[in-house]
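The sequence shown begins at 43 in my numbering and counts up by one.
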Amino acid sequence: MKSLLKFLLLIALIANLGCQSTIAPGADPVIVTTQQVLEVSLGTVDKFLKFEYANRSKVSPGVSEAAEQLRKEFPPAFRLARGLLTTYKQSRTPENKKLLDDYVLMVKRMAVKAQEAK
């Protein structure tokens, strides 16, 4: 239940970012929202990894294990999501949007994992 609540809070935060920002006329909402989600996810994971590193001797082994997994898995997933965003910008096809959505969801889930591990 606790993890579900954290996940819903992160989704609400990300959704709220989209509501607060004004998308310029002619701008693609998929691109704007994706950029915001990637920025929030990167910040969340980065803060968690810094926290874990600074408190390594104090945190539980599970926290350190989660951090190590994120150190391995997050950078390539994030780079791939950014690359897919570039591809989508160049060719806005339904297939490219689906791929982008899938990898952005993966990055969001990793950010949720970082929040839950703390």
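Just so you know, even glycine gets a beta-carbon here, dropped at the ideal spot from N, CA and C. Values in this document were obtained by computation on a predicted structure and should not be read as measured data.
Between residue i and the rest of its own chain, which residues show a CB-CB distance below 7 Å, the 5 nearest in sequence each way excluded?
i: Met148; result: Ala119
i: Lys139; result: Val72 and Tyr130
i: Tyr145; result: Ala119, Leu122, Ala123 and Leu126
Less than 6 Å between C-beta atoms, sequence neighbours within five positions excluded: which residues of the same chain meet that for residue i?
i: Ala159; result: Val105 and Ala108
i: Ala161; result: No information on residue 161 is available, as it lies outside the stretch 43 to 160 that the chain covers here.
How should residue i be labelled, buried or exposed, when 16 other C-beta atoms within 10 angstroms of its C-beta is the threshold for buried?
i: Tyr95; result: exposed
i: Thr86; result: buried
i: Thr128; result: exposed
Would you kindly report the start and end of the unbroken alpha helix (DSSP H) that includes residue i?
i: Thr86; result: Pro71 to Ala96
i: Ala156; result: Pro136 to Ala159
i: Pro118; result: Pro103 to Gln132
According to the Cβ coordinates, are residue i and residue j closer than 8 Å?
i: Ser83; j: Lys150; result: yes
i: Lys155; j: Leu112; result: yes
i: Arg124; j: Asp70; result: no
i: Ile65; j: Val79; result: no
i: Leu141; j: Thr76; result: no
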